[in-house]
Amino acid sequence: MCAAFVANFLGKELKDDEVYQERVAKGLVKTRGATQLEIKPGAKLSVVIFLVTILAVVAYATMISDKVGLIKNPVVGRDAAIMLFMLTGATFITFLTKIDSAQILNSGTFKSGMSACICVLGVAWLGDTFVANHIKEIKAFAGDLLNVYPWMLAVVLFFASMLLYSQAATAKALMPSALLLGVSPLTIVASFAAVSALFVLPTYPTLIAAVEMDDTGSTRIGKYVFNHPFLIPGVVAISLSVAFAFVIGGMIL
Numbered sequence: 106m107c108a109a110f111v112a113n114f115l116g117k118e119l120k121d122d123e124v125y126q127e128r129v130a131k132g133l134v135k136t137r138g139a140t141q142l143e144i145k146p147g148a149k150l151s152v153v154i155f156l157v158t159i160l161a162v163v164a165y166a167t168m169i170s171d172k173v174g175l176i177k178n179p180v181v182g183r184d185a186a187i188m189l190f191m192l193t194g195a196t197f198i199t200f201l202t203k204i205d206s207a208q209i210l211n212s213g214t215f216k217s218g219m220s221a222c223i224c225v226l227g228v229a230w231l232g233d234t235f236v237a238n239h240i241k242e243i244k245a246f247a248g249d250l251l252n253v254y255p256w257m258l259a260v261v262l263f264f265a266s267m268l269l270y271s272q273a274a275t276a277k278a279l280m281p282s283a284l285l286l287g288v289s290p291l292t293i294v295a296s297f298a299a300v301s302a303l304f305v306l307p308t309y310p311t312l313i314a315a316v317e318m319d320d321t322g323s324t325r326i327g328k329y330v331f332n333h334p335f336l337i338p339g340v341v342a343i344s345l346s347v348a349f350a351f352v353i354g355g356m357i358l
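Counting in our numbering, the sequence shown runs from 106 upward without gaps.
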């Protein structure tokens, strides 16, 4: 809530945004007025198929999980299964609702999604390649810093997750070292929120997708790379989460 409050004071109103006004002048953005909602034939059926597909994904992921283990050594992994189920659901929607498949390519959602995919395969893949080739150095540096300054666990987790692009990978790489170095349980628990700094580098897939899907052009990566609209709200959210965790944890633990 605090981060959302801070975000209200960032950026410009659309009427004052030069990029948005330029896009409007070029006809790239169309203002939408009040319209009468028309539910097309097959709309309800498509929603039902979509929900059934989501349930199928959840059920399959549960059955192949280590905790449940109903399916041993699954041929199709979780990530591939998600794509397989969703594409199958899309196929059923196309056939059963008899929509014009040629119109899919012209929809705004499809164009924004494909644009985001290209960005993910480009920028995010490049960033991941760089990190993957220097993962040992990153872990070694973080471990050495933590060994000298155990109280900087939250800072170490913040910058490590910024490079590792994963909360789980960051926690797995550094939390055992923190425990071995004798970092207090309160510090470990309170600092855990710092593993969510995936937004700092503008190469995270979700961040890139958000930029590409905003047809107003007001959500954009800044000239200096780090001055993007996700940085300040994200840092505020993590900083306050860690601070509140230390306060509340000190009263409970």
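All C-beta atoms in this analysis are idealised placements derived from N, C-alpha and C, irrespective of residue type, glycine included.
Cβ-Cβ distance between residue i and residue j below 9 Å
i	j	result
Ile154	Phe197	yes
Ala276	Ala247	no
Tyr125	Ser323	yes
Ala108	Ala302	no
Ala370	Leu251	This structure cannot speak to residue 370, because the chain is shown only from 106 to 358.
Thr321	Leu175	no
Ile243	Leu268	yes
Phe200	Ile209	no
Leu291	Gly354	yes
Val288	Ser266	no
Ala112	Ile313	no
Gly361	Thr158	Since the first residue shown for the chain is 106 and the last is 358, residue 361 is missing from the structure and cannot be characterised.
Phe190	Ala161	yes
Environment of residue i [buried if 16+ CB atoms lie within 10 Å]
i	result
Leu192	exposed
His333	buried
Phe335	buried
Glu317	buried
Phe349	exposed
Gly308	The question names Gly, but residue 308 is Thr in the sequence shown. It counts as buried.
Phe304	buried
Leu358	exposed
Ser170	exposed
Pro281	exposed
Gly339	buried
Trp352	Before going further, note that residue 352 is Val rather than Trp in the sequence given. Exposed is the call here.
Tyr270	buried
Val47	Outside the displayed span of the chain (106 to 358) sits residue 47, for which this structure offers no information.
Val173	exposed
Leu306	buried
Ser206	exposed
Val347	buried
Beta carbon proximity, residue i to chain B, threshold 9 Å
i	result
Ala278	Among the chains in the structure shown there is no chain B, since it carries only a single protein chain.
(request) Could you tell me whether the stretch 252–267 touches the stretch 294–306, using the rule of 3 or more Cβ pairs below 8 Å? (result) yes
(message) In chain order, what are the residue ranges of uninterrupted alpha helix (DSSP H) at least 4 long that sit wholly in the stretch 295–323?
(response) 310–318
(message) Assess contact between the stretch 167–186 and the stretch 142–149, defined as three or more Cβ pairs (one per stretch) separated by less than 8 Å. Is contact present?
(response) no
(request) Ignoring anything shorter than 4 residues or poking outside the stretch 258–283, list the alpha helix (DSSP H) runs there in chain order. (result) 258–269
(request) Can you check the stretch 126–199 for any alpha helix (DSSP H) of at least 4 residues that lies completely inside it and give the ranges in chain order? (result) 148–168
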